[in-house]
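K.L.:
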Amino acid sequence: MNNISYRTFLREGYKAVKGNTHNQRKEIRLLIREGFRKHADVQDPEEKQKLMLKAKNTLELLTIASERRGIAHDIVRNLCYLKYFRDKYNERPPMFNRKMNADTRNEFKDAYTELDCMKDMLNKDLDLCL
Numbered sequence: 012m013n014n015i016s017y018r019t020f021l022r023e024g025y026k027a028v029k030g031n032t033h034n035q036r037k038e039i040r041l042l043i044r045e046g047f048r049k050h051a052d053v054q055d056p057e058e059k060q061k062l063m064l065k066a067k068n069t070l071e072l073l074t075i076a077s078e079r080r081g082i083a084h085d086i087v088r089n090l091c092y093l094k095y096f097r098d099k100y101n102e103r104p105p106m107f108n109r110k111m112n113a114d115t116r117n118e119f120k121d122a123y124t125e126l127d128c129m130k131d132m133l134n135k136d137l138d139l140c141l
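Printed below as a string of structure tokens:
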């Protein structure tokens, strides 16, 4: 990457979540790390160019989120909350020790599919890589 590095994203991410009531530094770090690992093996020059554009847009979103408390800040904050609660859910689901009927089990199994779909649509519409 030209001038966009992991440290740059991390610095802007930390600025974006600074001052929130819940310490979200861990979640933003994990989200950024996950994004870099997901796209680490891209070799195609056209795909790299698209990723650079998405990375610049994402970095701009983080910068705006750190400067103003608007929609960009709400998006970053809510993504951090979702990451926190998903990790907590994966560690120990709500009905961990209890027997459940099939309907309830399916509801818990598909709990995050709509949120993943929303995140993918946000990435597609705003040309981001969240």
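One rule links them: number in our numbering = place in the sequence shown (from 1) + 11.
Even glycine gets a Cβ: it sits at the ideal position worked out from N, Cα and C.
Please state the DSSP three-state secondary structure of histidine 84.
P.N.:
Three-state result, histidine 84: helix.
K.L.:
By Cβ distance, which residues of its chain are closer than 6 Å to alanine 27, with the 5 residues on each side in sequence left out?
P.N.:
Leu73, Ala76, Ser77 and Val87.
K.L.:
Tell me the DSSP secondary structure of asparagine 101 in three-state form.
P.N.:
Here asparagine 101 sits in helix by DSSP.
K.L.:
Taking three-plus beta-carbon pairs below 8 Å as touching, is the segment 122-130 in contact with the segment 52-72?
P.N.:
Flag = no, the segment 122-130 and the segment 52-72 do not touch.
K.L.:
Buried or exposed: where does methionine 12 fall if 16 or more other Cβ atoms within 10 Å of its Cβ makes it buried?
P.N.:
Legend: pLDDT at methionine 12 = 44, less than 50; position of this residue unreliable, value from coordinates given subsequently. Looking at its Cβ environment, which holds fewer than 16 other Cβ atoms inside 10 Å, methionine 12 is exposed.
K.L.:
Alpha helix (DSSP H) containing alanine 122: first to last residue?
P.N.:
From DSSP, alanine 122 is part of no alpha helix (DSSP H); its letter is neither H nor E.
K.L.:
Residues in the same chain with beta-carbon distance under 7 Å from glutamate 23, minus the five sequence neighbours each way, listed in chain order, please.
P.N.:
Within the same chain, glutamate 23 has close Cβ partners Leu70, Leu73, Thr74 and Ser77.
K.L.:
Let me make sure I understand the geometry here. Which of Ile15, Lys61 and Gly30 has the alpha-carbon closest to that of asparagine 134?
P.N.:
Selected option, being the one with the closest Cα: Lys61.
K.L.:
Please report the straight-line C-alpha distance between isoleucine 15 and methionine 63, rounded to a whole angstrom.
P.N.:
Their Cα atoms are separated by approximately 8 Å.
K.L.:
Can you tell me whether DSSP reads methionine 12 as helix, strand or coil?
P.N.:
Note that methionine 12 scores 44 on pLDDT, short of 50, meaning its location in the model is unreliable and no value can be drawn from it.
K.L.:
For arginine 36, which residues from the same chain have a beta carbon less than 7 Å from its beta carbon, with the 5 sequence-adjacent residues on both sides left out?
P.N.:
Excluding residues within five positions, the ones whose Cβ falls inside 7 Å are Tyr25 and Val28.
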